[in-house]
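Heads up, the thing below is written out as structure tokens.
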Amino acid sequence: MEDIAADKTTLCPSARPESVDSFIFGIVSGTVTEPRVTYLKQPLPITNELIAKASPITPTEIFRMATACAAKACLHFDGQDCRLAKQIAEKLPAITEELPPCSIRRDCRWWQQEGKAACMRCPQVITDNYNPSEVAIQVSKLAAG
85 MEDIAADKTT
95 LCPSARPESV
105 DSFIFGIVSG
115 TVTEPRVTYL
125 KQPLPITNEL
135 IAKASPITPT
145 EIFRMATACA
155 AKACLHFDGQ
165 DCRLAKQIAE
175 KLPAITEELP
185 PCSIRRDCRW
195 WQQEGKAACM
205 RCPQVITDNY
215 NPSEVAIQVS
225 KLAAG
């Protein structure tokens, strides 16, 4: 499985399971009020069995997924950069002092664009978060343009 991301040039670390060639690179842990992503040593392909195990909640409540960056086809892309990565790096508080052990970092759009600032905040980003902080709500609204 270590080669899942090897042939991609730029990955979006906020993919949905229905995205083409998406895969799991983290599991949401922590608490309802402070969810945190625990990164997998090796990405996992998304299978029907894994999706079924997530039921009755959405897979994006418990998995962080990545896929090839859609660039101009994405609502977060401004033509040059990912607005979501920028807002995360600028507005969310850092929650770690060291880079998390992330298996997709070398190909991650957020890392390539915002560097360490994005990585220090990434573990608090949950794709489907039904109890987001006010700052997380602002970040997602600003990133959507």
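Taking the working numbering, I'd label the letters of the sequence shown as residues 85 to 229. Think of the CB as a built atom: it goes at the ideal place given N, C-alpha and C, for glycine as much as any other residue.
| Item | Value |
| --- | --- |
| Check whether Q208 and L183 have beta carbons under 8 Å apart | no |
| For T151, three-class secondary structure by DSSP | strand |
| Reduced DSSP category for I188 - H, G, I as helix; E, B as strand; rest coil | coil |
| DSSP state of I108 mapped onto helix, strand, coil | strand |
| Beta-bridge pairing of Y123 - partner residues as DSSP gives them | G110 |
| Distance between S106 and Q126 (C-alpha atoms, nearest Å) | 14 Å |
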